[in-house]
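Undergrad: The sequence shown begins at 102 in our numbering and counts up by one. One structure is given below, represented as structure tokens, and several questions about it will come after.
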Amino acid sequence: MMLPALWSLLICLIAWLYVKWRGLKSYWARLGIPYVPAQPLVGSLTFLQRENPFTWLRRVYDDHNSPYVGLWLFQRPALLINSPEIARNVLVKDFNNFRDRFLSSGSSDPTGALNLFTVNDPIWTALRKRLSGVFTLAKLKSLQPLSISKSNELIQRIAMEKSENLSLRSLFSDITTDIIGAAAFGVAGDATLTGDSPMRAVTREFMKFSLHRGIAWCSIFFWPELVDIFRFTMFPKSSIRYFKKVFHILIEQRKDSVDKGEDPKDLLGALVKLRKEKECEDVVFSDDLIVSQGAIFLQGGYDTTAVTLAFGIYELAYNPEYQERLYSELLEAKINNNNSEFDTQTLSELVHLNCVIKETLRMYPAMGWLDRIAANDYQIDEKLTIRAGTPIYVNVVGMHYDPKYFPNPKKFMPERFLPENEKTITPYTYMPFGEGPRACIGSRFSKMNLQHILSRIIIAYEVSPQPNSPKPCDVKMEKHALFLAPGENLYVKFIPRK
Ligand code: HEM
């Protein structure tokens, strides 16, 4: 009796799933929109754990000569934007409809959920307003000595170790962890010199891949409903324990100095001061919220900056003519500066240095896409109106490699950003730090660090390729990561300059 009933139920379920799947699969075709076909389970996201999104996004861009392309995030329709005009509308003009990111770190883990990157309105607006004050020019100036002293330590480290032992991503993660650890939490680290520190153990843990972390990140980015169900966390659990233990002690110390009327020296201090001044009636500055900002600054800042430095130095090793031009510029500036340390003002005026940084960020944008969600139905153009709740991805890396905007895009050509050329770049085709009110809050801080570290290396060392290393265009990208990172260790020869 039971068996036939169960069979009928199963057949009905399969028939229902089939009809749903057919309906879903034809969603974009019915709207007449080009799309990346949906595969069972993953939808269009066939790259997950197989290929870095950087590679996939460029291929989708090249395969579809269209201002937008329909996708499925598992079972949910989403839109990929390939057009600078639509990107501008979403990121800037109609920002009020796209204030939030689609990704979400759920609600069970406050360190992942309350930070500026993941949090939604109204907390985001209140937080961003307060945190912008932490990155003013004056505050950055006070961080300059840190950047300079760590860059000098980096030169000592390079002198102490053999070039072939210095994997670039790891070497630069040591220095960016020290800098951000000190700037955000006031924790002095010596990873730049030794390759290790308690904070570096945390950032190393961030980098470790495991199947569980991979699934957690894919859920946070593309299927956020699963995050609370499986209690996934944005940061590894051991890092959260470290953050909670160490930072709560630090917050207590900052409370003491704020009570004594001292000026905050780091991000934690600035946030504790804000809480004390009761300027934040629109957001509760709980300890969790404060710790969460520290965690995202560390996570969001150390690897993005380290990967940019790694690719920048690697490209310079393979492009000696640009390296020599940069070296001459730095040498001249040093002589004009009476051989004293470069300050940020001087470095920000060096044309070739900044062209090298901008071109590195064009070819290797740490985040190849910008993620938003539509709050209300939204008319993309006369052909397409998307429903409220549709995830949107601006295909930054696709545009960075479009020969229409950047001729010969696979070639490292810093001169694209010479002032006379830069002004001809089509707006919203170059967005390594994102765009609009939700763009990267740390962009000026990271540019300052990039300028100090790169200039210090190039004035002290000539970098050249190691034998048997892949050419930059042949470097494999990390297939387990969602952000851009090399999938293999990159090495160069550091040859001391006379
Ligand atoms: C080369 C280095 C870096 C790159 C390429 C980079 C890139 C980005 C991008 C593309 C976004 C998304 C912007 C958007 O959606 O429009 C972003 C957001 C963010 N970045 Fe960075 N970033 C870098 C360094 C940093 C540093 C050093 C920090 C902190 C000290 C930082 C903190 C953040 C935060 C908190 C957000 C979220 C902002 C918000 O939603 O309001 N980033 N970054």
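Beta carbons: idealized from backbone N, C-alpha and C, even for Gly. Just so it is clear, the structure is predicted and the values come from calculations on it, not from any experiment.
1) Evaluate Glu-483 with the Cβ neighbour count: other Cβ atoms within 10 Å of its Cβ, from every protein chain shown; 16 or more gives buried, anything less gives exposed.
2) Under the criterion of a Cβ to heavy atom distance below 8 Å, does Ser-544 qualify as lining the ligand HEM?
3) Give the list of continuous alpha helix (DSSP H) stretches no shorter than 4 residues that lie fully inside the region 452-537.
4) Helix, strand or coil: how does DSSP classify Trp-324 here?
5) Quick check: the Cα distance between Asp-291 and Lys-338, rounded to an integer number of angstroms?
6) When burial is assigned at 16 or more other CB atoms within 10 Å of the CB, is Glu-536 buried or exposed?
7) Just the Cα atoms here: how many angstroms apart are Phe-584 and Ser-209?
8) Quick one, are the C-beta atoms of Pro-421 and Val-347 less than 9 Å apart?
9) Going by the C-beta, is Ala-227 closer than 8 Å to any heavy atom of the ligand HEM?
10) Between Pro-520 and Gly-413, what straight-line distance do the alpha-carbon atoms span, to the nearest angstrom?
11) Would the C-beta of Pro-587 count as close to the ligand HEM, meaning under 8 Å from any of its heavy atoms?
12) Have a look at the DSSP bridge pairing and note the partners of Gly-144.
13) Under the criterion of a Cβ to heavy atom distance below 8 Å, does Ala-467 qualify as lining the ligand HEM?
14) When you compare each of Lys-577, Gln-446, Arg-473, Glu-523 to Asn-153 by their alpha carbons, which one comes out closest?
15) Residues in its own chain within less than 8 Å of Cys-574 by CB, not counting five upstream and five downstream?
16) Suppose the cutoff is 8 Å on Cβ atoms and the five residues either side in sequence are ignored; what does the same chain contact list for His-349 look like?
17) Per DSSP, which one or two residues make a beta bridge with Leu-181?
18) Please classify Ile-596 as buried or exposed, where buried requires at least 16 other C-beta atoms within 10 Å of its C-beta.
19) Following a CB-centred definition, is Cys-541 positioned closer than 8 Å to any heavy atom of the ligand HEM?
20) Is there contact here, the region 514-532 with the region 447-456, by at least three beta-carbon pairs under 8 Å?
21) Spell out a yes or no on whether the region 460-479 and the region 184-202 are touching, meaning 3 or more CB-CB pairs, one atom from each, closer than 8 Å.
22) Using a C-beta cutoff of 9 Å, does Asn-266 count as contacting chain D?
23) Going by DSSP, which residues form a beta bridge with Phe-563?
24) Please classify Lys-251 as buried or exposed, where buried requires at least 16 other C-beta atoms within 10 Å of its C-beta.
25) Kindly provide the ranges of any alpha helix (DSSP H) runs that are 4 or more residues long and lie completely inside the region 316-363, ordered along the chain.
26) For a test of the three-state rule: what should DSSP assign to Pro-573, helix, strand or coil?
27) Measure the CB-CB distance between Ile-458 and Leu-551 and report whether it falls below 9 Å.
28) How would you call Asn-437, buried or exposed, if buried means at least 16 neighbouring beta carbons within 10 angstroms?
29) Tell me, which residues are paired with Pro-587 by DSSP?
30) Could you check if Ile-609 is buried or exposed, using at least 16 other CB atoms within 10 Å of its CB as the buried criterion?
31) If you compare alpha carbons, which of Ala-239, Gly-213, Ile-115 is closest to Phe-322?
32) Please name the residue, chosen from Met-549, Ser-268, Ala-283, that lies closest to Gln-567 on a Cα-to-Cα basis.
33) Three-state secondary structure (DSSP) at Val-193?
34) Work out the CA separation of Arg-151 and Leu-142 for me, nearest whole Å.
35) Spatial neighbours of Ala-467 within its chain, please: C-beta separation below 7 Å, excluding the five flanking residues on both sides.
36) Quick test of your reading: Asp-364 and Ala-284, contact by CB under 8 Å. State the CB separation rounded to the nearest angstrom.
TA: In brief:
1) As a working mapping, residue 483 is identified with position 382 in the sequence shown. So Glu-483 ends up on the exposed side.
2) Position 443 of the sequence shown, counted from the start, is the residue given in the question as residue 544. Yes, the ligand HEM has a heavy atom inside 8 Å of this Cβ.
3) Assignment of alpha helix (DSSP H) within the region 452-537, counting only whole runs of 4 or more residues, yields 452-464, 497-501, 520-523 in chain order.
4) What you label residue 324 is simply residue 223 of the sequence shown in a count that begins at 1. Coil, per DSSP.
5) Locating residue 291 in the sequence shown gives position 190, where the first residue counts as 1. Locating residue 338 in the sequence shown gives position 237, where the first residue counts as 1. Using only the alpha carbons, I get a separation of about 24 Å.
6) Counting from one through the sequence shown, the residue named residue 536 turns up at place 435. That one is buried.
7) By 1-based counting over the sequence shown, the position of residue 584 is 483. By 1-based counting over the sequence shown, the position of residue 209 is 108. Between the C-alpha atoms of Phe-584 and Ser-209 there is a straight-line separation of about 24 Å.
8) Numbered from 1 along the sequence shown, position 320 holds the residue referred to as residue 421. Numbered from 1 along the sequence shown, position 246 holds the residue referred to as residue 347. In this structure, Pro-421 lies away from Val-347, with their beta-carbon atoms at least 9 Å apart.
9) Taking the sequence shown and counting its residues from 1, the one referred to as residue 227 is at position 126. No; taking the cut-off as 8 Å, the Cβ of Ala-227 has no heavy atom of the ligand HEM nearer than that.
10) Taking the sequence shown and counting its residues from 1, one reaches residue 520 at position 419. Taking the sequence shown and counting its residues from 1, one reaches residue 413 at position 312. So the alpha carbons of these two residues sit roughly 20 Å apart.
11) Translated into positions along the sequence shown, residue 587 becomes position 486. Flag unset: Cβ of Pro-587 not near the ligand HEM.
12) Along the sequence shown, one-based indexing puts residue 144 at 43. Paired residues: Gln-140, Leu-174.
13) Position 366 of the sequence shown, counted from the first residue, corresponds to residue 467. Result yes, Cβ under 8 Å from the ligand HEM.
14) What you label residue 153 is simply residue 52 of the sequence shown in a count that begins at 1. For the residues Lys-577, Gln-446, Arg-473, Glu-523, the minimum Cα distance to Asn-153 belongs to Lys-577.
15) Reading the sequence shown from its first residue, position 473 is the one you call residue 574. Lys-511.
16) Reading the sequence shown from its first residue, position 248 is the one you call residue 349. Answer for His-349: Asp-388, Val-392, listed in chain order.
17) Counting from one through the sequence shown, the residue named residue 181 turns up at place 80. Beta-bridge pairing links Leu-181 to Val-170, Tyr-494.
18) Numbered from 1 along the sequence shown, position 495 holds the residue referred to as residue 596. Result: exposed.
19) By 1-based counting over the sequence shown, the position of residue 541 is 440. Checking every heavy atom of the ligand HEM against the Cβ of Cys-541, one is found closer than 8 Å.
20) Touching, yes.
21) Judged by Cβ distances under 8 Å, the region 460-479 makes contact with the region 184-202, as three or more pairs qualify.
22) Protein chain content of the structure displayed is limited to a single chain, and chain D is not contained in it.
23) The residue you call residue 563 lines up with position 462 of the sequence shown. Checking the displayed sequence, the identity of residue 563 turns out to be Glu instead of Phe. Looking at the DSSP assignment, Glu-563 forms a beta bridge with Ile-596.
24) The sequence position of residue 251 within the sequence shown is 150, counting from 1. With 16 or more other CB atoms across the displayed protein chains lying within 10 angstroms of its CB, Lys-251 is buried.
25) The region 316-363 contains these whole alpha helix (DSSP H) runs: 326-330, 338-360.
26) Here residue 573 corresponds to residue number 472 of the sequence shown, with the count starting at 1. Assigned with DSSP and collapsed to three states, Pro-573 falls in helix.
27) Position 357 of the sequence shown, counting from 1, holds the residue named residue 458. Position 450 of the sequence shown, counting from 1, holds the residue named residue 551. The criterion of a C-beta distance shorter than 9 Å is satisfied by Ile-458 and Leu-551.
28) Taking the first residue of the sequence shown as 1, we reach residue 437 at position 336. Exposed, because fewer than 16 other Cβ atoms sit within 10 Å of the Cβ of Asn-437.
29) On the sequence shown, position 486 is the one that residue 587 refers to. Partner(s): Met-578.
30) Residue 609 is absent from the structure shown; the chain starts at 102 and stops at 599.
31) Along the sequence shown, read from residue 1 onward, the residue named residue 322 stands at position 221. The option with the nearest alpha carbon to Phe-322 is Gly-213.
32) Position 466 of the sequence shown, counted from the first residue, corresponds to residue 567. Ranking Met-549, Ser-268, Ala-283 by CA distance to the CA of Gln-567 puts Ser-268 first.
33) Position 92 of the sequence shown, counted from the start, is the residue given in the question as residue 193. In this structure, Val-193 counts as helix in the three-state DSSP scheme.
34) Your numbering for residue 142 matches position 41 in the sequence shown. Your numbering for residue 151 matches position 50 in the sequence shown. CA-CA distance, Leu-142 to Arg-151, rounds to 15 Å.
35) Against the sequence shown, residue 467 aligns to sequence position 366. Same-chain partners within the cutoff: Thr-405, Val-408, Thr-409, Phe-584, Leu-585.
36) Counted from its first residue, the sequence shown places residue 364 at position 263. Counted from its first residue, the sequence shown places residue 284 at position 183. Not really, about 15 Å apart at Cβ, beyond 8 Å.
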